[in-house]
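Participant:
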Amino acid sequence: MESGPDDATQQAAQPPTAAPVPEEDILGILGGVMDPELGSDIVSLGMVRGVSVDPAGAVTVRVALTTSGCPLRAEIQRDVRARVGALPGVSSVKIDWSELTAQEKATTMERARLAIAQRPEDTSVAATTKVLLVASGKGGVGKSSVTVNLGIALAQRGMSVGILDADIWGFSVPRMLGVSDRLEADAEGRIQPQQIAVGEGRIEVVSMGLLVEQEESALMWRGLILNRAVRHFLEDVAWSDLDYLLVDMPPGTGDVQMGLAKMLPRAEMLIVTTPSLAAQRVATRAVDMGRKNFLHMAGVIENMSAYVDPQGHRHEIFGAGGGERLSSETGIPLLARIPIEPEVAKGGDSGSPAALGDGPAAEAFDDLATEVLRVSPPMDLAGCSARLMDSMEQALAEAAEV
């Protein structure tokens with residue numbers, strides 16, 4: 000198969016610097032681009048055939064796929080463009096596609112199996128699940144409310160959505176969803192998430208709030224213990240084959256946040272801020288943490304954007320422009336502005352999220368779900384490498400019997 004460039008060249012968010020980015024830096028960041036089904040990065044799998052950079056900072060990446068028609072090509076393309084395009088000195092990104100030979104496919108599958116065998120800390124989250132880390136630089140910006148209502152809006156569209164309440168100290172997701180039954184384990188010791196039917200979809204919930212005796216209990220744990228608790232939620236929970244897993248992150252950039260970034264290298268980040276300048280400045284730190292861990296920044300969400308009174312007048316209680324400023328300074332798209340509405344707070348207290356009802360906030364969360372489905376769509380697996388891997392495994396098993 001002859002290689003050919005992708006249909007379009009994406010302009011990088013940052014302007015080029017005087018010196019082009021070194022090729023080794025590009026290969027380094029490509030190590031964070033995962034083949035969603037094989038569960039390893041495209042560099043170690045041998046799918047990256049080389050990179051080149053011209054003096055103007057235009058980058059060309061040569062990628063060979065296991066199957067040229069694989070629908071996950073678009074997923075890999077988007078990740079390559081986003082990660083490489085975010086490097087300082089890159090002016091544009093182009094991908095030249097080709098297909099692995101039969102021998103190269105066999106080598107790639109062998110590397111994938113070896114990586115799986117040597118990965119003792121693998122999570123129970125399916126490789127095909129889109130993981131979105133909902134993060135903020137500080138508390139009080141409504142991050143948990145955004146997580147819950149976005150989960151509801153996605154489930155209403157028929158998606159299967161997991162919500163992991165990783166804010167171990169400040170858990171609030173169970174109350175917001177009206178879930179109170181404690182988590183239990185099956186015969187194999189795996190934690191069973193609580194499930195909620197929402198429209199044509201469903202939500203699975205795991206939170207420390209479903210393990211403690213009382214919601215008011217204070218957890219006075221240090222960083223290592225907190226990390227271990229989150230690890231349990233990723234390794235020992237019987238998550239089903241989800242379309243999305245939304246992780247309600249603790250605010251800030253501490254141990255838990257960095258631990259989650261390392262455990263979930265395929266994850267993408269949604270950054271929540273308010274219109275105020277102070278919140279926007281602090282949110283920039285969360286962006287910096289994510290980028291230093293090579294996570295893709297999916298979008299910015301401005302919460303508590305404005306209050307619209309019954310007469311239609313806007314009242315910018317917390318200032319204006321924070322989301323736009325954060326988007327402009329970081330090159331991350333602004334996905335939504337969620338207005339201030341009493342129903343959001345009431346719904347969070349009563350266990351009936353605002354996204355289930357009507358009004359400006361419900362419409363904004365529905366629009367946010369539309370944007371999330373656009374910038375980070377669920378994976379279409381038909382005809383992709385997992386089927387190839389399954390057929391190879393079957394062939395190997397039949398050969399061993401002979």
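Last residue of the sequence shown: 401 (numbering that gives the first Met the number 0), numbering continuous.
Ideal Cβ placement from N, Cα and C applies to all residues, glycine included.
Quick check on this structure: which residue in Ile167, Gln310, Leu132 has the alpha carbon closest to the alpha carbon of Met296?
Facilitator: Position 297 of the sequence shown, counted from the start, is the residue given in the question as residue 296. Nearest of Ile167, Gln310, Leu132 to Met296, Cα basis: Leu132.
Participant: Need the endpoints of the alpha helix (DSSP H) that Ser326 sits in, please.
Facilitator: For the purposes of this step, residue 326 is identified with residue 327 of the sequence shown, where counting begins at 1. It spans 321 to 329 - the alpha helix (DSSP H) in which Ser326 sits, taken as one unbroken run.
Participant: Restricting to runs no shorter than 4 residues, where is the alpha helix (DSSP H) found entirely within the region 74 to 160?
Facilitator: Within the region 74 to 160, the complete alpha helix (DSSP H) runs of at least 4 residues are 101 to 116, 142 to 154.
Participant: What distance in whole Å lies between the Cβ atoms of Lys142 and Val281, which are believed to be in contact at a cut-off of 8 Å?
Facilitator: Counting from 1 along the sequence shown, the entry for residue 281 is found at position 282. Counting from 1 along the sequence shown, the entry for residue 142 is found at position 143. Not quite, the Cβ-Cβ distance comes to about 12 Å (not below 8 Å), so this is no contact.
Participant: Taking Ala55 as the reference, give the member of Arg82, Pro21, Val62 with the closest Cα.
Facilitator: Position 56 of the sequence shown, counted from the start, is the residue given in the question as residue 55. Closest by alpha carbon: Pro21.
Participant: Closest to Ser326 by CA distance: which of Thr272, Asp166, Ala360, Pro376 is it?
Facilitator: Taking the sequence shown and counting its residues from 1, one reaches residue 326 at position 327. Closest by alpha carbon: Thr272.
Participant: Leaving aside the five residues before and after Glu103 along the sequence, list all residues of the same chain whose C-beta is less than 8 Å from its C-beta, in chain order.
Facilitator: As a first step, residue 103 is located in the sequence shown; it is residue number 104 there, counting from the start. Only Gly45, Ala63 meet the Cβ criterion.
Participant: In this structure, how does DSSP classify Ala277 when only helix, strand and coil are distinguished?
Facilitator: Against the sequence shown, residue 277 aligns to sequence position 278. It is helical.
Participant: Pull up the distance between the alpha-carbon of Gly403 and that of Ala260, whole angstroms please.
Facilitator: Nothing about residue 403 can be read from this structure; the chain reaches only from 0 to 401.
Participant: Which one or two residues does DSSP pair with Met296 in a beta bridge?
Facilitator: Here residue 296 refers to the residue found at position 297 when the sequence shown is read from its first residue. DSSP, once it has assigned bridges, lists Met268 as partnering Met296.
Participant: For Asp78, does the count of other Cβ atoms within 10 angstroms reach 16, so buried, or fall short, so exposed?
Facilitator: Locating residue 78 in the sequence shown gives position 79, counting from the first residue. Buried, since its Cβ has 16 or more Cβ neighbours within 10 Å.
Participant: For Gly311, count the other beta carbons within 10 Å of its own beta carbon; 16 or more makes it buried, fewer makes it exposed. Which is it?
Facilitator: The residue you call residue 311 lines up with position 312 of the sequence shown. When all chains shown are included, Gly311 counts as exposed.
Participant: Cα separation between Pro341 and Val145?
Facilitator: Here residue 341 refers to the residue found at position 342 when the sequence shown is read from its first residue. Here residue 145 refers to the residue found at position 146 when the sequence shown is read from its first residue. Approximately 14 Å between the Cα atoms of the pair.
Participant: Quick one: using the 10 Å Cβ neighbour count with 16 as the cut-off for buried, is Asp240 buried or exposed?
Facilitator: As a first step, residue 240 is located in the sequence shown; it is residue number 241 there, counting from the start. Exposed, since its Cβ has fewer than 16 Cβ neighbours within 10 Å.
Participant: Could you have a look at Leu71 and say whether DSSP puts it in helix, strand or coil?
Facilitator: Against the sequence shown, residue 71 aligns to sequence position 72. The answer is coil: DSSP assigns Leu71 none of H, G, I, E or B.
Participant: Comparing alpha-carbon positions, which option in Val83, Val374, Asp287, Arg336 lies nearest Ala57?
Facilitator: As a first step, residue 57 must be located in the sequence shown, where it is residue number 58. Here the closest residue by C-alpha is Val83.
Participant: Check Ala282 in the structure and name its three-state DSSP category.
Facilitator: The residue labelled residue 282 in the question sits at position 283 within the sequence shown. In this structure, Ala282 counts as helix in the three-state DSSP scheme.
Participant: Excluding the 5 residues flanking Pro14 on each side, which residues of the same chain have their C-beta closer than 6 Å to its C-beta?
Facilitator: The residue given as residue 14 occupies position 15 in the sequence shown. Caution applies to Pro14, whose pLDDT of 48 falls short of 50 and renders its modelled position unreliable; the model cannot decide the point.
Participant: Tell me Ala228's beta-bridge partners as DSSP assigns them.
Facilitator: As a working note, residue 228 is residue 229 in the sequence shown. None, per the DSSP bridge assignment.
Participant: Please identify the residue among Gly68, Asn148, Gln76 whose C-alpha is closest to the C-alpha of Arg61.
Facilitator: The count along the sequence shown starts at 1 and reaches residue 61 at position 62. Answer by Cα proximity: Gln76.
Participant: Distance check for Ile337 and Ala266, CA to CA, integer angstroms please.
Facilitator: Taking the first residue of the sequence shown as 1, we reach residue 266 at position 267. Taking the first residue of the sequence shown as 1, we reach residue 337 at position 338. Computed Cα separation, rounded: 23 Å.
Participant: CA-CA distance, Leu244 and Thr59?
Facilitator: Numbered from its first residue, the sequence shown carries residue 244 at position 245. Numbered from its first residue, the sequence shown carries residue 59 at position 60. The straight-line gap from Cα to Cα measures roughly 32 Å.
Participant: Bridge partners for Glu182 per DSSP, in chain order?
Facilitator: Start at 1 with the first residue of the sequence shown, and residue 182 comes out as number 183. First, the residue type needs correcting, since residue 182 is Leu and not Glu in the sequence shown. In the DSSP output, where bridge partners are listed per residue, Leu182 has none listed.
Participant: Could you give the distance in angstroms between the alpha-carbon of Asp40 and the alpha-carbon of Ile190?
Facilitator: Taking the first residue of the sequence shown as 1, we reach residue 40 at position 41. Taking the first residue of the sequence shown as 1, we reach residue 190 at position 191. Rounded to the nearest angstrom, the two C-alpha atoms are 29 Å apart.
Participant: Using a Cβ cut-off of 8 Å (strictly closer), state whether Pro352 contacts chain B.
Facilitator: Absent from the structure: chain B. Only one protein chain is present.
Participant: Quick one: what's Met33 bridged to in DSSP?
Facilitator: As a position in the sequence shown, residue 33 is number 34, starting the count at 1. Met33 pairs with Asp40.
Participant: Under 8 Å: do the region 339 to 359 and the region 174 to 193 share three or more Cβ pairs, one atom per stretch?
Facilitator: The region 339 to 359, when compared against the region 174 to 193, does touch it at the 8 Å Cβ threshold.
Participant: Exposed or buried, what is Gln194 when buried is set at 16 or more other beta-carbons lying within 10 Å of its beta-carbon?
Facilitator: By one-based count along the sequence shown, residue 194 stands at place 195. Gln194 should be labelled exposed.
Participant: Cβ atoms of Ala134 and Ile331: under 8 Å apart, would you say?
Facilitator: Along the sequence shown, one-based indexing puts residue 331 at 332. Along the sequence shown, one-based indexing puts residue 134 at 135. Not closer than 8 Å, so no.
Participant: Apply the 10 Å Cβ neighbour rule to Lys129 and answer buried if 16 or more other Cβ atoms are within range, or exposed otherwise.
Facilitator: By one-based count along the sequence shown, residue 129 stands at place 130. Counting Cβ neighbours within 10 Å, Lys129 comes out buried, since at least 16 surround it.
Participant: Expressed to the nearest angstrom, what Euclidean distance is found between the alpha-carbon atoms of Asp53 and Gly289?
Facilitator: Counting from one through the sequence shown, the residue named residue 53 turns up at place 54. Counting from one through the sequence shown, the residue named residue 289 turns up at place 290. Distance between the alpha carbons of Asp53 and Gly289 is about 28 Å.
Participant: Which residue comes first and which comes last in the alpha helix (DSSP H) that contains Ala165?
Facilitator: Translated into the one-based positions of the sequence shown, residue 165 becomes position 166. Element bounds for Ala165: n/a, residue is neither H nor E.
Participant: Would you identify the three-state DSSP class for Glu199, choosing helix, strand or coil?
Facilitator: Reading the sequence shown from its first residue, position 200 is the one you call residue 199. In the structure shown, Glu199 sits in coil (DSSP, three-state: anything other than H, G, I, E or B).
Participant: Put Glu362 into one of helix, strand or coil per three-state DSSP.
Facilitator: Residue numbering aside, residue 362 sits at position 363 when the sequence shown is read from its first letter. In the structure shown, Glu362 sits in a helix (DSSP, three-state: H, G or I).
Participant: For Ala344, which residues does DSSP report across the bridge?
Facilitator: By one-based count along the sequence shown, residue 344 stands at place 345. Answer is none; Ala344 lacks a bridge partner.
Participant: Can you give the Cα-Cα distance for Ser375 and Thr369, rounded to whole angstroms?
Facilitator: Counting from 1 along the sequence shown, the entry for residue 375 is found at position 376. Counting from 1 along the sequence shown, the entry for residue 369 is found at position 370. About 10 Å.
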